[in-house]
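Terminal number for the sequence shown in the numbering used here: 405, no gaps in between.
All C-beta atoms, glycine included, are put in the ideal place defined by N, C-alpha and C.
Note that the structure is predicted; figures quoted are calculated from it, not measured.
Before any comments, here is the structure.
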Amino acid sequence: MPCVKPRKGAQAEACATGCRSAGKEVGLRGGGGVAYTGVPMKILHVDTRPDWRGGQLRILLTLRGLRARGHDAQLMARCDSPLARRATEEGFSVHLFSPRFVRLQAALCLRELLDQQMFDILHAHDPHGLTAAWLMRAHRRAALVVARRVAYPLSRGSPGLARYRAARRIIAVSRFVEASVIASGIAAERVAVVHDGVEIGAATTAEERRIARARWNVSGDILLLGCVGYLLPEKGQEALVRAMRAICEKFPKCRLILAGDGPCRAKLQALAHELEMGNAVKFAGFVDDIESVYRALDVFVFPSVAEPLGSSLLAAMAHGLPVIAIASGGVPEIVENGRNGILVEAPEAEKLADSIRRVLGDSALATRMGKAARETAAESFSAGLLVENTVREYQNVLCAN
Numbered sequence: 005m006p007c008v009k010p011r012k013g014a015q016a017e018a019c020a021t022g023c024r025s026a027g028k029e030v031g032l033r034g035g036g037g038v039a040y041t042g043v044p045m046k047i048l049h050v051d052t053r054p055d056w057r058g059g060q061l062r063i064l065l066t067l068r069g070l071r072a073r074g075h076d077a078q079l080m081a082r083c084d085s086p087l088a089r090r091a092t093e094e095g096f097s098v099h100l101f102s103p104r105f106v107r108l109q110a111a112l113c114l115r116e117l118l119d120q121q122m123f124d125i126l127h128a129h130d131p132h133g134l135t136a137a138w139l140m141r142a143h144r145r146a147a148l149v150v151a152r153r154v155a156y157p158l159s160r161g162s163p164g165l166a167r168y169r170a171a172r173r174i175i176a177v178s179r180f181v182e183a184s185v186i187a188s189g190i191a192a193e194r195v196a197v198v199h200d201g202v203e204i205g206a207a208t209t210a211e212e213r214r215i216a217r218a219r220w221n222v223s224g225d226i227l228l229l230g231c232v233g234y235l236l237p238e239k240g241q242e243a244l245v246r247a248m249r250a251i252c253e254k255f256p257k258c259r260l261i262l263a264g265d266g267p268c269r270a271k272l273q274a275l276a277h278e279l280e281m282g283n284a285v286k287f288a289g290f291v292d293d294i295e296s297v298y299r300a301l302d303v304f305v306f307p308s309v310a311e312p313l314g315s316s317l318l319a320a321m322a323h324g325l326p327v328i329a330i331a332s333g334g335v336p337e338i339v340e341n342g343r344n345g346i347l348v349e350a351p352e353a354e355k356l357a358d359s360i361r362r363v364l365g366d367s368a369l370a371t372r373m374g375k376a377a378r379e380t381a382a383e384s385f386s387a388g389l390l391v392e393n394t395v396r397e398y399q400n401v402l403c404a405n
């Protein structure tokens with residue numbers, strides 16, 4: 005399947021007819037290039053993921069922010085991805101490739117694009133996308149920037165590490181992830197931290213809350229806990245489901261909604277029924293209108309272990325929810341225990357239940373932490389900051405050239 009450009013939106017139309025961007029004199033094009041001079045940049049984002057998770061939300065927020073600042077931001081993604089669909093709907097130039105033999109198809113699509121256009125920055129957002137860029141020697145034709153969202157050590161094999169060493173900058177989602185990249189043998193000066201960002205909307209109104217709770221068939225007297233995330237062992241939902249029994253003993257009208265899908269769903273559903281909590285735990289699956297979940301909640305719980313950062317945690321904080329999370333990974337970079345949330349030392353059902361009961365039983369504490377959580381999101385983790393910090397790294401890379 006050749007690289008396909010959806011003909012939807014002004015930018016896609018221009019791209020389909022061979023239009024060049026405003027930043028044509030910038031950067032490293034053709035492998036030589038000139039020093040960055042502050043004019044608009046032309047950036048290609050590459051993502052090969054088939055699903056919609058925190059990384060895909062980050063890409064879309066970055067695309068929006070770059071366009072708003074006058075840069076030419078384009079996306080290359082697999083044809084069946086939610087990110088490609090959403091970016092196309094918003095009028096971005098989106099270049100599609102087949103999901104079959106994904107690395108090969110991505111590499112071929114990328115080669116075609118690089119033959120047709122000149123980019124200042126090529127931003128690879130996942131390992132397959134990085135492999136495609138490396139195979140096509142894209143780092144010799146644009147400044148290669150790589151996103152890193154996981155804390156697993158980089159492959160020690162020569163080809164695996166060579167991909168990352170070809171990058172001008174590796175952008176880690178947290179200091180926790182940054183440390184793992186440096187420990188794998190990448191020079192510290194080539195690694196930067198840019199935290200995830202979240203859009204800070206208006207505070208949820210009473211009417212929006214009523215509508216959201218009706219969407220999930222939750223009456224006004226129900227205490228609703230929520231967790232948003234892929235259903236995986238390391239995401240900690242099992243401990244949360246196990247905690248519900250002790251929570252409901254003290255708060256019989258407490259319910260839990262798990263928004264997200266994944267390989268552990270059947271196991272978690274069976275566990276809920278085994279604990280006689282089937283009526284207390286709702287498995288919502290993938291929720292497209294995720295705002296309806298956050299607006300309905302009283303408390304947000306994030307039981308993930310060694311989480312690189314936590315995009316759904318940030319979203320909950322932006323909604324002014326009191327949050328309870330595990331004190332591991334990048335989470336302590338967001339949550340300050342007792343001020344804007346509660347950190348639990350281990351993902352154990354009893355410890356989670358204790359913290360949740362504490363918040364449910366103290367409305368003043370819940371209100372105070374929810375307010376502080378929203379302030380933290382607005383001051384330190386906004387979508388605007390995400391984009392500004394990303395642009396800064398692009399500029400640093402181009403200026404260094």
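Run of the beta strand (DSSP E) containing residue i, from where it starts to where it stops
i: D51; result: K46 to D51
i: H127; result: I125 to A128
i: D76; result: D76 to R82
i: S97; result: S97 to F101
i: V197; result: V195 to V197
i: V348; result: I346 to V348
i: A329; result: V327 to I330
Other residues of its chain near residue i: CB distance less than 6 Å, five sequence neighbours each side excluded
i: S178; result: P312, L313, G334 and E337
i: G69; result: V391
i: K254; result: R361
i: D55; result: none
i: N393; result: V198
i: V303; result: L229, P326 and V363
i: L275; result: V245
C-alpha gap between residue i and residue j, whole angstroms
i: E340; j: M373; result: 10 Å
i: V185; j: Q109; result: 27 Å
i: R343; j: A331; result: 14 Å
i: A137; j: F123; result: 13 Å
i: I346; j: G365; result: 14 Å
i: S102; j: A329; result: 38 Å
i: I125; j: M281; result: 50 Å
i: V305; j: A151; result: 27 Å
i: T209; j: H75; result: 35 Å
i: V43; j: E354; result: 56 Å
i: G205; j: A322; result: 8 Å
i: A81; j: G224; result: 42 Å
i: H132; j: V309; result: 25 Å
Three-state class that DSSP yields for residue i in the structure shown
i: H143; result: helix
i: S316; result: helix
i: S296; result: helix
i: R217; result: helix
i: F180; result: helix
i: G388; result: helix
i: N341; result: strand
i: C403; result: helix
i: I204; result: coil
i: R153; result: coil
i: V335; result: helix
i: V185; result: helix
i: L228; result: strand
i: A288; result: strand
i: A39; result: Reliability fails at A39, whose pLDDT of 46 lies under 50, so the model's placement of it is uncertain and no value is given.
i: I190; result: coil
i: L148; result: strand
Cβ-heavy atom distance, residue i to the ligand NAD, below 7 Å
i: R213; result: As far as ligands go, the structure on display features none, and thus does not contain the ligand NAD.
Rounded Cβ spacing between residue i and residue j (contact assumed at less than 8 Å)
i: R107; j: T135; result: 5 Å
i: I251; j: R361; result: 6 Å
i: A288; j: A263; result: 5 Å
i: V232; j: S386; result: At roughly 19 Å, the Cβ-Cβ gap does not stay under 8 Å, so V232 and S386 are not in contact.
i: R172; j: A147; result: 5 Å
i: G240; j: P351; result: 4 Å
i: H129; j: H199; result: The pair is not a contact, with the Cβ atoms about 15 Å apart (cut-off 8 Å).
i: A111; j: L139; result: 5 Å
Close-in-space but distant-in-sequence residues of the same chain around residue i (CB under 8 Å, 5 per side omitted)
i: A420; result: Any question about residue 420 goes unanswered here, given that the chain covers just 5 to 405.
i: L369; result: P326, R362 and V363
Host alpha helix (DSSP H) of residue i (start-end)
i: R259; result: Segment C258 to A263 is the beta strand (DSSP E) holding R259; no alpha helix (DSSP H) there.
i: K254; result: Q241 to K254
i: A276; result: R269 to E278
i: G58; result: G58 to A72
i: V303; result: From DSSP, V303 is part of no alpha helix (DSSP H) but of the beta strand (DSSP E) over V303 to F306.
i: D366; result: From DSSP, D366 is part of no alpha helix (DSSP H); its letter is neither H nor E.
i: Q109; result: V106 to Q120
i: E93; result: P86 to E93
Same chain only: Cβ atoms within 7 Å of residue i, ignoring 5 sequence neighbours per side
i: G266; result: Y234, L235 and L236
i: L64; result: L87, R90 and A91
i: L61; result: S315
i: K375; result: G324
i: A381; result: V202, I204, L318, M321 and A322
i: A142; result: L114, L118, L126 and L148
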